[in-house]
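S.K.: The listed protein sequences derive, respectively, from chains A and B. In terms of our numbering, the first sequence is residues 1 to 338. In terms of our numbering, the second sequence is residues 1001 to 1338.
Number of protein chains: 2
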Amino acid sequence: MSSSRPTVQRVAAHAGVSVASVSRVLNGLATSPEMVDKVQSAADELGYSPNAMARSLKVRRTEQLAFSVADVGNPVYVDMMRAVEAETRAEGYRLLLSSTGPDPAEVLSLLRGLAHGYADGLILSPIRVTDEIIEALHAISLPTVVIGRIPPDVPVDNVRANSAGGVRMAVEHLYETGRRRIGFLNGPTDTVPGVARARAFGRVCDRLGLPTDDALLAEADDFTIDAGLDAVGDLIARGEPDAVLGGNDLLAVATMQALRERGHAVPDDVAVVGMDDTELATVTAPTLTSVSLGSTRRGQLAAQLLLERLRDPDREPQRVAVQPRLRVRDSSRARSRS
Amino acid sequence: MSSSRPTVQRVAAHAGVSVASVSRVLNGLATSPEMVDKVQSAADELGYSPNAMARSLKVRRTEQLAFSVADVGNPVYVDMMRAVEAETRAEGYRLLLSSTGPDPAEVLSLLRGLAHGYADGLILSPIRVTDEIIEALHAISLPTVVIGRIPPDVPVDNVRANSAGGVRMAVEHLYETGRRRIGFLNGPTDTVPGVARARAFGRVCDRLGLPTDDALLAEADDFTIDAGLDAVGDLIARGEPDAVLGGNDLLAVATMQALRERGHAVPDDVAVVGMDDTELATVTAPTLTSVSLGSTRRGQLAAQLLLERLRDPDREPQRVAVQPRLRVRDSSRARSRS
DNA sequence: ACAGTCTCTGTAATCGTTTACGGTAAACGA
DNA sequence: TCGTTTACCGTAAACGATTACAGAGACTGT
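Written out as structure tokens, the structure is:
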């Protein structure tokens, strides 16, 4: 009894047949009943299971898809992930998650490393897009769809949200409910969503004649609760806002927490609204008004685009956008006093 | 220009050298400077990147580790994941997440499918453990560590929490702060953690002389917020508890939400405590008392065990346990009236 | 009885790498 | 000058599977 895993050769020898026959019965091709019998019993006598690596080398398919996200702790990716999984599982693919932190180098290594190898296709949602990433995307031959804005000439399928529209809806909503000093706790502005949201915020404030002094603007160095807590203190103290928009739900949650600790009531003193409309928004107290950027829909579309490209690798890259929708909850209700 | 990806043969031809030389310079083995030059320029002229599949077939390593969790939406797995990732990244492994839903068949397919192929090692945290899974674990040759209780004779490394101890701490804490009708919103009792926690709850209540009528017991059919909301209504209405223990933080959050909707104050009318002490516990209002089962520590230990086994495949399987710790927050403070 | 079909099986090539092995030529020492 | 060491390089054999191809019987129909 050799120590290493049994191979198809060993099974063949043990069953007294050829390797071809073993492969055939294991893949359910036409064979005689007694052949099936011999091979099957030899196989599970030895505890054989095929080497996936060797198999995919030959057939050039792995039956796996990779989904790369920036932060598994962010519920927005959970939504996307579920949608992607639901869509791709039906086609028999296994889904592999991979969490690249905030560092673009990670994404890059993924694009070059895993990209050509362990998966038949890739969905990625990079938070920072560097020139190197763009370049790698140009060069990539693996079917790929990216979630998030990329330059129009990058030849991959693309689905994106309308961040700017979302910010606009949020600010208009706050304006309509009487808020005038609206703060913005953004994520890092060297990220794709960060920069889009910053720009949009400035524009809509200008249009509505709202103040945009620096004291009303804060930038967390990550789209996380911890980073939000670090950054929001100043905004609250120096900006004296009557409303705060969070760059995503996590930042909004951090804002609520900081407000509570400092004795400000939400929404009576300060309204808070988030972005992404994740499950988090429903569990906080008060529940969080949030603008949905369609994470589930984006995941679904990304999966569909990927599956279509898998079927037809040569078709034109497509790009689709999904529209935002405001979900009003308690954190932005009208003041009860006033 | 051929359409398919360039191979080592092609860059060899293009550089006018042998494939062996190409492989050598690409792997940084000893070669002359001019050889390095020729190969390098040929390689990136063709945009060559090696086929990971073929490579790992030969060297029998993928440099990848797989971590399989039941529900990516559960923050407890996020904690574990981060810990595992931190530990394994240092050794140069890439971490692949894979989300098997609540269905044991998924785990099984993972154990047999991905198990022998795309990863050098596997960490899994199955929520249900069937005979088939036990059997597959006996048969597995891939280095594997499971997080969660398994029968003692299963020959894989194992790290587990002390659920029972955790439940005990939670209930004692509630008892000491004056609660007498303690409800329990558990997850499914056909799961490993579900059954352990149910048993422990019964025992500690008996010991303390607390009532355990059926009206105080509820069982959600998943460890999620939605399932919790479905199941907790009855418990609140019929059980009239003055405290509720959630089988995990998600169930506790669901409980708080349901209580709020029905006009009960937390903690004044009803105290709530969760288990797992996830990030969620800090963002709710009131903040959630929760017993930490050491998710980060468990992830860390699991990763270390796996790495050790990777270095020495023949050593004895180890099993370690991590102890719970109660984290008191606002949701279980003493009543202010009374 | 024989050509033609059909069904099953085995031999060997192949996927894209790595690497053991052997050969060649330059460098070295005496 | 002539072995011997050293440094490189190329040829070919793996890794473990799939599959094109061809051969071998077993049928069929005439």
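Don't be surprised by glycine CBs; every beta carbon is placed ideally from N, CA and C. Please read all numbers here as calculations on a predicted model, not as lab measurements.
#1: Which chain A residues are close to residue 1284(B), counting only those with a beta carbon under 7 Å from its beta carbon?
#2: What do you get for residue 1068(B), buried or exposed, if any count of 16 or more other CB atoms within 10 angstroms of its CB means buried?
#3: Among 1148(B), 1035(B), 1136(B) and 1204(B), whose alpha-carbon lies nearest the alpha-carbon of residue 1111(B)?
#4: Measuring only the C-alpha atoms, how far is residue 1117(B) from residue 1063(B)?
#5: Would you say the segment 163 to 179 of chain A touches the segment 199 to 206 of chain A, given that touching needs at least three Cβ pairs under 8 Å?
#6: When DSSP labels each residue in this structure, what does residue 225(A) get in the three-state scheme?
#7: Report the option in 332(A), 308(A), 302(A) and 331(A) whose CA atom is closest to the CA atom of residue 320(A).
#8: I want to see whether chain B comes within less than 8 Å of residue 236(A), judged by CB atoms only; does it?
#9: Note down, in chain order, every chain B residue with its Cβ under 8 Å from the Cβ of residue 35(A).
#10: Quick check: what's the CA-CA separation for residue 1140(B) versus residue 283(A)?
#11: Output needed for residue 332(A): all residues of its chain with C-beta closer than 6 Å, excluding positions within five of it in sequence on either side, in chain order.
#12: Using a Cβ-Cβ distance under 8 Å, would residue 39(A) count as near chain B?
#13: Who are the Cβ neighbours of residue 1264(B) in its own chain at under 6 Å, not counting the five residues just before and after it?
#14: Considering only residues of the segment 258 to 321 of chain A, which uninterrupted beta strand (DSSP E) runs meet the minimum length of 3 residues and lie entirely inside it, listed in chain order?
#15: Would you verify that the beta carbon of residue 1002(B) is, or is not, closer than 8 Å to some beta carbon of chain A?
#16: To be precise: take each residue of the segment 178 to 208 of chain A, compare its Cβ to all Cβ atoms of chain B, and keep it if any distance is under 7 Å. Which residues remain?
#17: What in chain A is Cβ-close to residue 1093(B), meaning under 7 Å?
#18: Using beta-carbon positions only, say whether residue 305(A) and residue 159(A) come within less than 8 Å of one another.
#19: Work out the CA separation of residue 97(A) and residue 199(A) for me, nearest whole Å.
#20: How big is the Cα-Cα spacing for residue 222(A) and residue 300(A)?
#21: How big is the Cα-Cα spacing for residue 1057(B) and residue 53(A)?
#22: Mapping the DSSP letters down to three states, classify residue 2(A) as helix, strand or coil.
#23: Can the beta-carbon of residue 8(A) be found closer than 8 Å to that of residue 19(A)?
#24: Mind checking whether residue 260(A) and residue 1285(B) have CB atoms under 8 Å apart?
#25: At 3 residues or longer, what runs of the beta strand (DSSP E) sit wholly inside the segment 155 to 186 of chain A?
#26: Under a CB-based cut-off of 8 Å, is residue 1027(B) close to chain A?
#27: Using only the alpha-carbon positions, how far apart do residue 296(A) and residue 1072(B) sit?
#28: Output the distance between the C-alpha atoms of residue 1245(B) and residue 1224(B), rounded to the nearest integer angstrom.
#29: Where are the alpha helix (DSSP H) runs, 4 residues long or more, that stay fully inside the segment 40 to 66 of chain A, in chain order?
#30: Is residue 1318(B) close to chain A, meaning its C-beta is less than 8 Å from at least one C-beta of that chain?
#31: Buried or exposed for residue 1091(B), please, with buried defined as at least 16 other CB atoms from any protein chain shown within 10 angstroms of its CB.
#32: Mind checking which residues open and close the beta strand (DSSP E) that includes residue 202(A)?
#33: Give me the chain A residues within the contact set of residue 1073(B), using Cβ-Cβ distance strictly less than 9 Å, ordered along the chain.
#34: Which whole runs of the alpha helix (DSSP H) in the segment 110 to 160 of chain A are 4 residues long or more, in chain order?
#35: Is residue 248(A) close to chain B, meaning its C-beta is less than 8 Å from at least one C-beta of that chain?
#36: Any beta carbon of chain A sitting closer than 8 Å to that of residue 1253(B)?
M.R.: In short, the structure shows the following:
#1: The sequence position of residue 1284(B) within the second sequence is 284, counting from 1. Per Cβ cutoff of 7 Å: 283, 284 and 285.
#2: For this step, residue 1068(B) is matched to residue 68 along the second sequence. With a 10 Å radius around the Cβ and a threshold of 16 neighbouring Cβ atoms, residue 1068(B) comes out buried.
#3: As a working mapping, residue 1111(B) is identified with position 111 in the second sequence. Looking at the Cα atoms, 1136(B) is the closest of the given residues.
#4: Reading the second sequence from its first residue, position 117 is the one you call residue 1117(B). Reading the second sequence from its first residue, position 63 is the one you call residue 1063(B). C-alpha of residue 1117(B) to C-alpha of residue 1063(B): approximately 12 Å in a straight line.
#5: Taking 8 Å as the limit for Cβ pairs, the verdict is that the segment 199 to 206 of chain A does touch the segment 163 to 179 of chain A.
#6: Position 225 of the first sequence, counting from 1, holds the residue named residue 225(A). Collapsing the DSSP output to three states places residue 225(A) in a helix.
#7: Your numbering for residue 320(A) matches position 320 in the first sequence. Ranking the options by Cα distance to residue 320(A), first place goes to 302(A).
#8: To locate residue 236(A), count along the first sequence from 1; it is residue 236. Among the residues facing chain B, residue 236(A) is not included, as its CB has no counterpart in that chain under 8 Å away.
#9: Counted from its first residue, the first sequence places residue 35(A) at position 35. Within 8 Å Cβ-Cβ: nothing; residue 35(A) doesn't reach chain B, min ~23 Å.
#10: Within the second sequence, numbered from 1, the residue matching residue 1140(B) stands at position 140. Within the first sequence, numbered from 1, the residue matching residue 283(A) stands at position 283. One alpha carbon belongs to residue 1140(B), the other to residue 283(A), and they sit about 41 Å apart.
#11: As a working note, residue 332(A) is residue 332 in the first sequence. The beta carbon of residue 332(A) is closer than 6 Å to those of 267, 271, 273 and 289 in its chain, skipping five residues each way along the sequence.
#12: Along the first sequence, one-based indexing puts residue 39(A) at 39. The C-beta of residue 39(A) comes no closer than 8 Å to any C-beta of chain B.
#13: Within the second sequence, numbered from 1, the residue matching residue 1264(B) stands at position 264. The residues are 1270.
#14: Listed in chain order, they are 271 to 275 and 289 to 292.
#15: As a working mapping, residue 1002(B) is identified with position 2 in the second sequence. Per-residue confidence for residue 1002(B) stands at a pLDDT of 47, beneath the threshold of 50, marking its modelled position as unreliable; the derived number appears in the next sentence. For residue 1002(B), the answer is no, since every Cβ of chain A falls outside 8 Å of its Cβ.
#16: So the list is empty, because no residue satisfies the distance condition.
#17: Numbered from its first residue, the second sequence carries residue 1093(B) at position 93. The premise fails here: residue 1093(B) is roughly 12 Å from chain A at the closest Cβ pair, so nothing lies under 7 Å.
#18: In the first sequence, the residue the question calls residue 305(A) occupies position 305. In the first sequence, the residue the question calls residue 159(A) occupies position 159. Contact flag set, yes.
#19: Against the first sequence, residue 199(A) aligns to sequence position 199. Against the first sequence, residue 97(A) aligns to sequence position 97. Here the alpha carbon of residue 199(A) sits roughly 31 Å from the alpha carbon of residue 97(A).
#20: By 1-based counting over the first sequence, the position of residue 222(A) is 222. By 1-based counting over the first sequence, the position of residue 300(A) is 300. The alpha-carbon atoms of residue 222(A) and residue 300(A) are separated by roughly 26 Å.
#21: If you number the second sequence from 1, residue 1057(B) lands on position 57. If you number the first sequence from 1, residue 53(A) lands on position 53. Residue 53(A) has its alpha-carbon roughly 6 Å from the corresponding atom of residue 1057(B).
#22: Residue mapping note: residue 2(A) aligns to position 2 of the first sequence, counting from 1. Low per-residue confidence applies at residue 2(A): pLDDT is 47, beneath 50, and the placement is therefore not dependable, though the value from the model is reported in the following sentence. Coil, per DSSP.
#23: Along the first sequence, read from residue 1 onward, the residue named residue 8(A) stands at position 8. Along the first sequence, read from residue 1 onward, the residue named residue 19(A) stands at position 19. Closer than 8 Å, so yes.
#24: Taking the first sequence and counting its residues from 1, the one referred to as residue 260(A) is at position 260. Taking the second sequence and counting its residues from 1, the one referred to as residue 1285(B) is at position 285. Their beta carbons are under 8 Å apart, which means residue 260(A) touches residue 1285(B) by this criterion.
#25: Counting only runs that start and end inside the segment 155 to 186 of chain A, the beta strand (DSSP E) elements of at least 3 residues fall at 157 to 161 and 182 to 186.
#26: Your numbering for residue 1027(B) matches position 27 in the second sequence. Interface residue (Cβ-Cβ distance to chain A less than 8 Å): residue 1027(B) is not classified as such.
#27: Here the question's residue 296(A) lines up with position 296 in the first sequence. Here the question's residue 1072(B) lines up with position 72 in the second sequence. The straight-line gap from Cα to Cα measures roughly 15 Å.
#28: Your numbering for residue 1245(B) matches position 245 in the second sequence. Your numbering for residue 1224(B) matches position 224 in the second sequence. When the Cα atoms are used, residue 1245(B) and residue 1224(B) turn out to be separated by approximately 14 Å.
#29: Those alpha helix (DSSP H) runs which fall completely within the segment 40 to 66 of chain A and span 4+ residues are 52 to 59.
#30: Counted from its first residue, the second sequence places residue 1318(B) at position 318. No, residue 1318(B) does not count as interfacial toward chain A.
#31: Against the second sequence, residue 1091(B) aligns to sequence position 91. Within a 10 Å sphere around the beta-carbon of residue 1091(B) sit fewer than 16 other beta-carbons, which makes this residue exposed.
#32: Translated into positions along the first sequence, residue 202(A) becomes position 202. Counting along the chain, residue 202(A) falls outside any beta strand (DSSP E), though it belongs to the alpha helix (DSSP H) covering 192 to 208.
#33: Translated into positions along the second sequence, residue 1073(B) becomes position 73. Those within 9 Å of residue 1073(B) in chain A are 75, 78, 79, 81, 82 and 279.
#34: Listed in chain order, the complete alpha helix (DSSP H) runs (minimum 4 residues) inside the segment 110 to 160 of chain A are 131 to 139.
#35: Residue numbering aside, residue 248(A) sits at position 248 when the first sequence is read from its first letter. With 8 Å as the cut-off, residue 248(A) does not count as an interface residue toward chain B.
#36: Within the second sequence, residue 1253(B) is the residue found at index 253, counting from 1. Yes, contact with chain A.
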